[in-house]
Amino acid sequence: MTEMLPDRRRREILDRVRASGAVRVADLVAELGVSDMTVRRDLDRLARDGELQKVHGGAKLPAGSSAAEPGFTHKSELQLPEKAAIAAAAEAMVRPGMSVSLNSGTTTFALARALRRVSDITVVTNSPRIADVLQDAPATGQTVVLLGGVRTPSDALVGPLATAALRTLHVDLAFLGVHGLSERDGLTTPNMMEAEINRLFLERCDRSVVLADSTKWGLPGLHRIAGLDEVDTVVTDDGLGAADRETLSQHVPDLRLEPRAAAPLIAHRTHHLADGREAVFFSDRGTPPVEQVVDRRPLDVRSGGGEVRFDRLTGEWVAVAAHRQARTYLPPADQCPLCPSVGGRESEIPAEDFDVVVFENRFPSLGPELAELPDPRQVGERSLWGVPSPAVGRCEVVVFTPEHQGSFASLSSERARTVVEAWAQRTDALSAMAGVRHVFPFENRGEQIGVTLHHPHGQIYAYPYPAPHAARLAARSRAHLEATGRTLMGEVLADETAAGDRMVLAGEHFSAYVPYAARWPLEVHLVPHRQVPDLAALTGGERDELAVLYRDLVQRVDRLYATPTPYIAAWHQTPVTAADREAGQLHLQLTSPRRAEDKLKFLAGSEAAMGAFINDVTAEQTAARLREAAR
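First residue of the sequence shown: 1, per my numbering; consecutive thereafter.
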């Protein structure tokens, strides 16, 4: 028997526990063909993640009582709009120079991701996940203090080591996530040792702030942390009922109700493929999430990544991905790796049906490892010559639909909205990963562009450096903001709107235009009306409109000629640094080399060598054609 990879083996164990309610170590050893120690190590890992409960000689499902606690991954995918709103409100309380503490929890984890942008703060936490996400924060001057101790299923470090360290510290603000809260029991948690250290977090601060979405009100927890009267501030969402608001405000001096996202949540669930890669399944509104996915393919160990080399002449990194030569190239429809797994044929998506799926690329240009690249300014550019670095980062595939035929233009409006949600969620998740400096979602459509799979899909690259074009745009945006007090993209949008002759469409939140100095025969920009750095920063209403307008735009592009037009849809997002997020602005740049029904523009000497573009069509002509293509 070929030994399974650890991730797949643990999924097999979990499937057996869920099917029968309990398993024995001896049975798992015999059925999986591994040692007793290996099985026990797997059970320890699953127990730490809250997926099962260890018992003498085996394991069982966690008990469904007030003492039961779901794992971190499961909890992190619940009440996402509420947690995002609460985290944004909490971030606004933190100023440079402050010291803050964050206990372990998914709402405090959301806050930690927001705090990556705040400079000169000290963060004390008992969560390794929070410490990891802050470790390489783009903001300068951050100090992270991780307490020691024993790890619980909700990713908290507890016990004598943690409490002893915390007693020596005092912070300005303590942010506390809780399992439940009520008038009778106050703040609660299922874990006795977590209750102890959470009480200490409240004691060792000038001001305490509880972060809890409205579903936590009235939720039972076995162990009491503190009474409501012992808390200074509670930040929750406006889903809390009127009577409960009144009750809570009688005990808490400062109650803050943050508005939830206007649209219903588009659910997503994270699963794993047979070689350990992540696959995130997104469901259309009103569609239940995909809860069970088992990839039974006997996949080899994940392919190693390539390398990056530093170009001393340009000051840019170049990725070398020779291992990608073996990737799938224009397979027939019945062998498409992006179609559902049906009829005994296993694809990259181990489900018979789905709405939208994002998974790690099996042949990545960057990754799968995550780490910091050496900084040429610190180590010296010459020291990087002849010494390639691992191509760290992440490459993901975004599958728009289970249907093999079609394009983004042929998606339903609901499906287009789900794709936008997937882009936003992955931007948020990837931006928080170690070493990631820039996240780039894009779609290549058409063989003329170099597409190797016809199934409607896009990609997302998480670079360990700002991509060259993004770096140049960021530098100009920072300089413009400093010189004028205005954002560069906002000023350009205002000028294009005033001119009018290159405008294509306009909505409440977005407008599209052909840029005055367009480089390509077909080039159009879709820009938000307010300054936002990336897709993750859009509100629910803005995402709703973006799905409608972007779909309208690509449908117009497809009406320009008798056959579908090849294009590159590039979502320009700012690098993750705080200064770039403040100055830059999200925008779509859609370009096509098609200059006539039967003609393509090829980048020759001037464009390819010098970067000096010569366009065959005026921007005003292109804009007029796109306006005429409306329905």
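All residues carry an ideal CB built from backbone N, CA and C; glycine is no exception.
For residue j and residue i, believed in contact at Cβ under 8 Å, the rounded distance
i	j	result
T106	A87	T106 to A87, Cβ: 10 Å. No contact.
I121	M98	5 Å
R302	R277	7 Å
A59	A22	7 Å
G306	A322	6 Å
G221	P190	6 Å
E369	V392	5 Å
Buried versus exposed, by CB contacts within 10 Å (16 or more), residue i
i	result
H56	exposed
A494	exposed
Y329	exposed
E69	Residue confidence is low: E69 scores 48 on pLDDT, short of 50, so the model does not pin down where it sits. No coordinate-derived value is stated.
E194	buried
E597	exposed
E523	buried
S214	buried
D353	exposed
M610	exposed
P566	buried
A262	Caution is warranted here: a pLDDT of 49 is assigned to A262, below 50, making its placement in the model unreliable, and no coordinate value can be reported.
V209	buried
F602	exposed
T489	As written in the sequence, residue 489 is Met, which differs from the Thr given in the question. Classification for M489: buried.
V318	exposed
I614	exposed
R437	buried
D534	buried
T152	buried
W571	buried
Q335	exposed
S477	buried
According to DSSP, residues forming a beta bridge with residue i
i	result
R631	For R631, which the question treats as bridged, DSSP gives no partner whatsoever.
Y463	H438
A22	K60
L174	The sequence given here has Ala at residue 174, not Leu. In the DSSP output, where bridge partners are listed per residue, A174 has S101, S208.
S182	G186
L202	Its beta-bridge partners do not exist; DSSP assigns none.
T233	V209, D254
A596	K599
V308	A319, S389
N444	I568
Where the beta strand (DSSP E) containing residue i begins and where it ends
i	result
S511	510–513
E258	254–258
H404	Looking at the DSSP string, H404 is not in any beta strand (DSSP E), and its letter there is neither H nor E.
P128	Taken as a continuous stretch (DSSP letters only), P128 belongs to no beta strand (DSSP E), being part of the alpha helix (DSSP H) at 128–135.
S503	A small fix is needed here, since residue 503 is Met in this sequence, not Ser. Counting along the chain, the beta strand (DSSP E) containing M503 begins and ends at 503–506.
I568	567–572
P528	522–528
A279	278–282
L146	143–146
V492	Careful: V492 lies outside any beta strand (DSSP E), inside the alpha helix (DSSP H) at 488–499.
For residue j and residue i, the rounded distance between their alpha carbons
i	j	result
A226	L187	5 Å
L586	Q555	22 Å
E3	L43	At E3, the pLDDT of 49 sits below 50, so the modelled position is not reliable and the matter cannot be decided from this model.
A137	T497	37 Å
R309	P468	14 Å
G64	Q459	With a pLDDT of 43 at G64, under the threshold of 50, the predicted position of this residue should be treated as unreliable, though the coordinate-derived value follows. Distance between the alpha carbons of G64 and Q459 is about 40 Å.
T168	L161	12 Å
P575	F440	9 Å
A630	S347	37 Å
Y516	T563	27 Å
L134	L600	46 Å
V379	R551	46 Å
D311	T427	28 Å
W217	R199	19 Å
P456	P331	14 Å
G239	H271	29 Å
A67	S389	Confidence at A67 is low in this model, with a pLDDT of 39, below 50, so its placement is unreliable and no value can be given for it.
T38	A274	18 Å
Extent of the continuous alpha helix (DSSP H) run through residue i
i	result
M37	36–48
L222	From DSSP, L222 is part of no alpha helix (DSSP H); its letter is neither H nor E.
Y550	540–558
E266	Residue 266 is actually Ile in this sequence, not Glu. Premise fails: I266 is in no alpha helix (DSSP H) and is neither H nor E.
K83	80–91
H469	468–484
A432	That residue, A432, is in no alpha helix (DSSP H); it is neither H nor E in DSSP.
Below-9 Å beta-carbon distance, residue i vs any chain D residue
i	result
V293	Reference to chain D is not applicable here, since this structure consists of a single protein chain.
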